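These notes concern the structure reproduced below.
Chains as they are written, first to last, in the working numbering: chain A, 1 to 375; chain B, 376 to 680; chain C, 681 to 944.
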């Protein structure tokens, strides 16, 4: 009698658990969506850009997530958007990864604090298309076809190449990835993140692979390079950031060129931070913009996208050292910021952009071998 | 309060049934008083646990053993081994040093300042593992920490000549010991308090030496408590997440960090259920350890309550 | 025999001071290092730490984290008491058979690590967010589960020391309702146990990181960790302040608890 009672209790609890996992809470009807912005697929659907601006101003707020202020000049972009339209931008989790953005959207679905827009790595973007609302900005045609989804569910926004940033007063200038194995770099080389977790670090290992005789198909030489780096005592298992660079704890950092360039600009006078994109080991990567399907502020979200892909927005990214996706079209039209464009680090060699198949293969190899390589 | 007394068959059936029904109603009303507690625990403890267990066996198409078999991958097995080694080493070191410290406290005045201060400090350090301790160690032996700089400037000794071990497993061993010792003090002190001075006197009056006392009297009595406390320390270190999360940024050497990576990685996607399988593995290990601890607790309670 | 005892007492004293000295150095060294580290930069950090308006201006995330943690600690202590005290008393009085089950449940959080619990809490919290919003204070629900083992043990010990059955029967026979029995008869008599449970709760909540971090909420420890990336000295100063405050709190508890016992 007692056994069947506890068994039924357990069964009931299991059923409840299954139910809780399976269904998510019903969505809170957002009272503010009177303008129909949530289903607009372009500014014309709402009656033009001015109508979009009015609707966005009425919403008054925008929730962004995982946008560090010193990442591709996002600090200035957020401020510029807020000043231009009088919309308050709430920036959550500046340290989050692309997956954290999706997790937050799931967790806060229907809430006022749910993220409106995402800035994601391509892998996360293509894996979560069902969560995005398709939207074509007015300059949609300027973006190369390979760098956007045809319906506008996600569109690449800016990109860069993997680089080696270094403090020229502390270490000799490296000319290639292999140079970093030399004894002058003992205890000095850091990677921005764990490659099994962060997209930037993953691309760093790919660059190391290209610089060690590997290719887009084969990331093993890159993992071996870091293993050798660790054995030589050159690898520093510290997470580099503005503080560690300034204090001199991490004199050499593998990171996107726009991030290293921004550090150099910020610390000029204090630290001689230079950026090198190694010749013939050029790994390119873009990030992608997407609008959440359940955005609590749909009009503001769409206005944000329009702003980012306008000449002003693209040039602000360029100011942060990133290569805006409309760079070619803007260069042709003469609207690009020529000085900033000319100041970007020189790139020698053909850039390698990993295909989906290559990325999957590389990820599997990394998951299985990274811990052991630097353990 | 209304204990049921079995009425003999002499009484007519009607009142008996009524009595049972009355008791049944009273029982149900009593149970009602515990409903808030049980409901709360079910929602916030039982259901999350079941979500993990069910999720570990869920795949894209329903029930699957793929996640559990994926636990056999070399890097996950390595993480489990490293977690177990880390927990075992810090449990043993913490247990031995903690027991010595606890014994030192027991020989002091029961309400004196020394015992009070050390017990309070142990309470804080045992709970405050994690981020605050990680920063404490960064300030001490981090790359620009107090001791590191002192050793380099005054003794010419570079602590990190062979690699920065603080952010890897050896560093974790050192920092974990820092909160294992206080935990041992808290858990083992009641057992030491249960040792009655009469036993010492009895041993002496029978001609026994200190050695005899410790190996024949106090030792065997304290061994279950000591082993139980060591197991508790093991479970504590195995479950710890915050310290490692704050210190280690490369390589995910232990299981809790692998679980974090499975949930938040933007490189290797779709690992949520693998994370749940790893969580299930952790629960099994800790459950085994805690079951042994409960058994040893019962032995201890017999003599030292 | 007296000489033997005196000799043993002396040996124990030497042993005691040797152990306390060696381990004391091991434990105090990081504290000293934290003081030294945080004082780099000319004491600016300490001045900022005690100046709340300036602190919340310069480090808004830290200020939010501190306020959130204090709120969580207070709410968790409250919820824990409201949930555990009536249940513990009720089980003792009416359902002694359920006692083993309740004890087992209260020990379960020790077997289910926080990192595992948080994996399973995500769908539950999706519902909590729906009903109560996404504020950091909703972490109270998860924290109450975490403190169950320690709080229940404390309250149970307190209840064992008094004769709950007689007290409750006497109060009920004088016409008290159950609420009055709990609030005016039982609670005052287990005051030190309740206080101890509350202090342990506060210490645990202030030191909690795992659940807050993986559910992306604000919390003192999450704020300290984030601060560590931008300001090493400030994060060390705040860590030290938190540790010292918790230590003072537990010392006060042990002194206060004893004084109540003595005054009885």
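Virtual Cβ for every residue (Gly too), placed ideally from N, Cα, C.
Quick caveat, the model's predicted, so the values are computed rather than measured.
| Asked | Found |
| --- | --- |
| Where the region 649-662 of chain B meets chain C: residues whose CB sits under 7 Å from a CB there | 650, 651, 654, 657, 658, 661, 662 |
| Test item: CB-CB of residue 550/B and residue 512/B under 8 Å | yes |
| Three-way DSSP call (helix, strand, coil) for residue 42/A in this model | strand |
| Any chain C beta carbon closer than 8 Å to residue 551/B | no |
| Per-residue DSSP class, three states only, for residue 553/B | helix |
| Contacts around residue 133/A, its chain only, beta-carbon distance under 6 Å, and the 5 residues preceding and following it disregarded | 291, 293 |
| Residue-chain proximity (residue 906/C, chain A), Cβ-Cβ < 8 Å | yes |
| Under 9 Å by beta carbon: chain C residues contacting residue 110/A | 809, 810 |
| Any chain A beta carbon closer than 8 Å to residue 910/C | yes |
| Contact between the region 474-482 of chain B and the region 690-699 of chain C (3+ Cβ pairs under 8 Å) | yes |
| Partners in chain A for residue 682/C, counting only beta-carbon separations shorter than 7 Å | The contacting residues do not exist; residue 682/C stays about 60 Å from chain A at best. |
| Contact with chain B by residue 789/C, beta-carbon distance below 8 Å | yes |
| Sufficient close CB pairs (3 or more, under 8 Å) joining the region 214-229 of chain A to the region 360-375 of chain A | yes |
| Proximal chain A residues relative to residue 643/B, where beta-carbon distance stays under 7 Å | 196, 363, 367 |
| Euclidean distance between Cα positions of residue 452/B and residue 295/A | 41 Å |
| Backbone secondary structure at residue 63/A - three-state DSSP | strand |
| Contact list for residue 813/C against chain A, beta-carbon separation under 9 Å | 111, 112, 113 |
| Closer than 9 Å at the beta carbon, the chain C residues around residue 588/B | Within 9 Å Cβ-Cβ: nothing; residue 588/B doesn't reach chain C, min ~10 Å. |
| Contiguous alpha helix (DSSP H) assignments of at least 4 residues, all confined to the region 627-674 of chain B | 630-639 |
| Cβ-Cβ distance between residue 155/A and residue 115/A below 8 Å | no |
| Exposure label - residue 727/C; buried when at least 16 CB within 10 Å | exposed |
| Chain C within 8 Å of residue 405/B, Cβ atoms only | yes |
| Three-way DSSP call (helix, strand, coil) for residue 103/A in this model | helix |
| Under 9 Å by beta carbon: chain C residues contacting residue 243/A | 908, 909, 910, 911, 912 |
| Residue 495/B vs residue 931/C beta-carbon contact at 8 Å | yes |
| Same chain only: Cβ atoms within 7 Å of residue 30/A, ignoring 5 sequence neighbours per side | Per-residue confidence for residue 30/A stands at a pLDDT of 48, beneath the threshold of 50, marking its modelled position as unreliable; the derived number appears in the next sentence. Excluding positions up to five away in sequence, the list reads 296. |
| Residues near residue 583/B in its chain [Cβ-Cβ closer than 6 Å; skip 5 each side] | none |
| Extent of the continuous beta strand (DSSP E) run through residue 161/A | 155-167 |
| Listed by chain order, chain A residues near residue 639/B by CB distance under 9 Å | 96, 97, 99, 100, 103, 197 |
| Where the alpha helix (DSSP H) containing residue 768/C begins and where it ends | 740-773 |
| 8 Å Cβ cut-off: residues of chain A touching residue 368/B | The structure shown does not extend to residue 368/B, since chain B is modelled only from 376 through 680, so no value can be given for it. |
| Per DSSP, the bridge partner or partners of residue 324/A | 158/A |
| CB contact flag (residue 59/A, residue 316/A, <8 Å) | no |
| Whole-angstrom distance between residue 340/A and residue 393/A, CA atom to CA atom | With chain A represented from 1 up to 375, any question about residue 393/A goes unanswered, as that position is not in the structure. |
| Secondary structure of residue 286/A, DSSP reduced to three states | strand |
| Three CB pairs or more closer than 8 Å across the region 145-161 of chain A and the region 190-202 of chain A | no |
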